[in-house]
Amino acid sequence: MEPSPLELPVDAVRRIAAELNCDPTDERVALRLDEEDKLSHFRNCFYIPKMRDLPSIDLSLVSEDDDAIYFLGNSLGLQPKMVRTYLEEELDKWAKMGAYGHDVGKRPWIVGDESIVSLMKDIVGAHEKEIALMNALTINLHLLLLSFFKPTPKRHKILLEAKAFPSDHYAIESQIQLHGLDVEKSMRMVKPREGEETLRMEDILEVIEEEGDSIAVILFSGLHFYTGQLFNIPAITKAGHAKGCFVGFDLAHAVGNVELRLHDWGVDFACWCSYKYLNSGAGGLAGAFVHEKHAHTVKPAMDDLQCDIKLKGNLFAYGQRRK
Ligand SMILES: Cc1ncc(COP(=O)(O)O)c(C=O)c1O
């Protein structure tokens, strides 16, 4: 039977197991999934570690020449084979012309980030002007919260999921403290029900409905780093907006992994890193998104620190200087 383009992974496994009349965990199911995978040729674009080169591998169980089965893209994506070529091109340019490399060549360094914005916009579903590639995720999260979290006595909370990624948790704590507020009162976490691992959408919506008037910012992850739960970004955004909250997302585990349409969903802001499912490598540039509706309303909090050389910068943070 032909797979449907909208088939869920779990349904594909069940369909193939039924066709092969075997258990879903049978190796033949995995091999058939590989055959059906229209993107499988991309596998050749990456270096796949060999079992022999990995620490903590029991070589009595696997052959040392086997490719590893790599499930660590949530930590660091595999190295694309072209990375070395690209890096060598830039190192050559640096060696040959030093600072002139800022302005010339295939990828002038001064606008190095902008050469990939047009690719990134489709991955997150944004307009080019709504995104900037810069810094690391946590720095971008701080910059965004500095602009969007403007607590008042009535509306002073940040709503997030319990067990958010630790650095997000600490970033939110420190932003609350920066405003002289009490973390106990202003950091509102939604927890899974007793005995459950993931959050129920109805529970998230209930908190927004009941406490929305006191919530300044809702900051959820798009996809939870530990449980793999994919949150309903458009529904959370809509519910937050109905209560007058700003709604932002940490997309570290969603970007390059699931379909995103930040602009159409009306998400206010988002940040992500590029070293997981985007395979940019450790230290790769992170991203930030601010919806165009805020271009003239939400003020950049760190105007004085913005980078003057980025005259063509896209994000609102740079916009003020371009008038
Ligand atoms: C969900 C999530 N948020 C934030 C971070 C921190 O990102 P960085 O240390 O690159 O700022 C990570 C890193 O793994 C993450 O998984």
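The opening residue of the sequence shown carries number 2 in this note's numbering; numbering runs sequentially from there. Built from N, CA and C at the ideal position, the CB exists for glycine as well. This structure is a prediction, so every number in the text was calculated from the model and none was measured.
For M52, the nearest candidate out of N233, A133 and S61 (CA to CA): Counting from one through the sequence shown, the residue named residue 52 turns up at place 51. Residue S61 is the option with its Cα nearest to M52.
Nonlocal neighbours in the same chain, by C-beta distance under 8 angstroms from D27, ignoring five residues either side: For this step, residue 27 is matched to residue 26 along the sequence shown. Hits under 8 angstroms: A18 and L21.
Alpha-carbon to alpha-carbon, L182 and P56: The residue labelled residue 56 in the question sits at position 55 within the sequence shown. The residue labelled residue 182 in the question sits at position 181 within the sequence shown. Using only the alpha carbons, I get a separation of about 45 angstroms.
First through last residue of the alpha helix (DSSP H) which encompasses S168: The residue labelled residue 168 in the question sits at position 167 within the sequence shown. Per DSSP, S168 belongs to the alpha helix (DSSP H) from P167 to L179.
Outcome for L178 when other beta-carbon atoms lying within 10 angstroms are tallied against a minimum of 16: Within the sequence shown, numbered from 1, the residue matching residue 178 stands at position 177. Inspection of the sequence shows that residue 178 is occupied by Gln rather than by Leu. Looking at its Cβ environment, which holds fewer than 16 other Cβ atoms inside 10 Å, Q178 is exposed.
Reference G245; option with closest CA among R156, H170, R194 and T228: Position 244 of the sequence shown holds residue 245. Measuring from the Cα of G245, the nearest candidate turns out to be R156.
Y319 - DSSP class collapsed to helix/strand/coil: The residue given as residue 319 occupies position 318 in the sequence shown. Only weak support is given to the placement of Y319: the predicted model assigns it a pLDDT of 40, under 50, and the value that follows is read from those uncertain coordinates. Y319: helix per DSSP, three-state reduction.
Burial state of S238, where buried means 16 or more other Cβ atoms lie within 10 Å: Reading the sequence shown from its first residue, position 237 is the one you call residue 238. Note on residue identity: the sequence assigns Thr, not Ser, to residue 238. The residue is buried, with at least 16 neighbouring Cβ atoms inside 10 Å.
Contact check, L158 vs R189, beta carbons under 7 angstroms: Walking along the sequence shown from the start, residue 158 turns up at place 157. Walking along the sequence shown from the start, residue 189 turns up at place 188. Reading the sequence as shown, one finds Lys at residue 158 and not Leu. In contact: K158 and R189 (Cβ atoms closer than 7 angstroms).
Neighbourhood of L160 by C-beta distance below 6 angstroms, restricted to the same chain and skipping five residues each side: On the sequence shown, residue 160 is found 159 positions in, with the first residue counted as 1. Correct list, in chain order: R189, I216 and I219.
Sufficient close CB pairs (3 or more, under 8 angstroms) joining the segment 220-231 to the segment 89-108: no
For E37, the three-state DSSP class (helix, strand or coil): Taking the sequence shown and counting its residues from 1, one reaches residue 37 at position 36. Note: E37 maps to helix in three-state DSSP.
Where the beta strand (DSSP E) through R189 begins and ends: Taking the sequence shown and counting its residues from 1, one reaches residue 189 at position 188. Note, R189: beta strand (DSSP E), M188 to V191.
Span of the beta strand (DSSP E), counted from its first residue to its last, around K158: By one-based count along the sequence shown, residue 158 stands at place 157. That run of the beta strand (DSSP E) goes K158 to E162.
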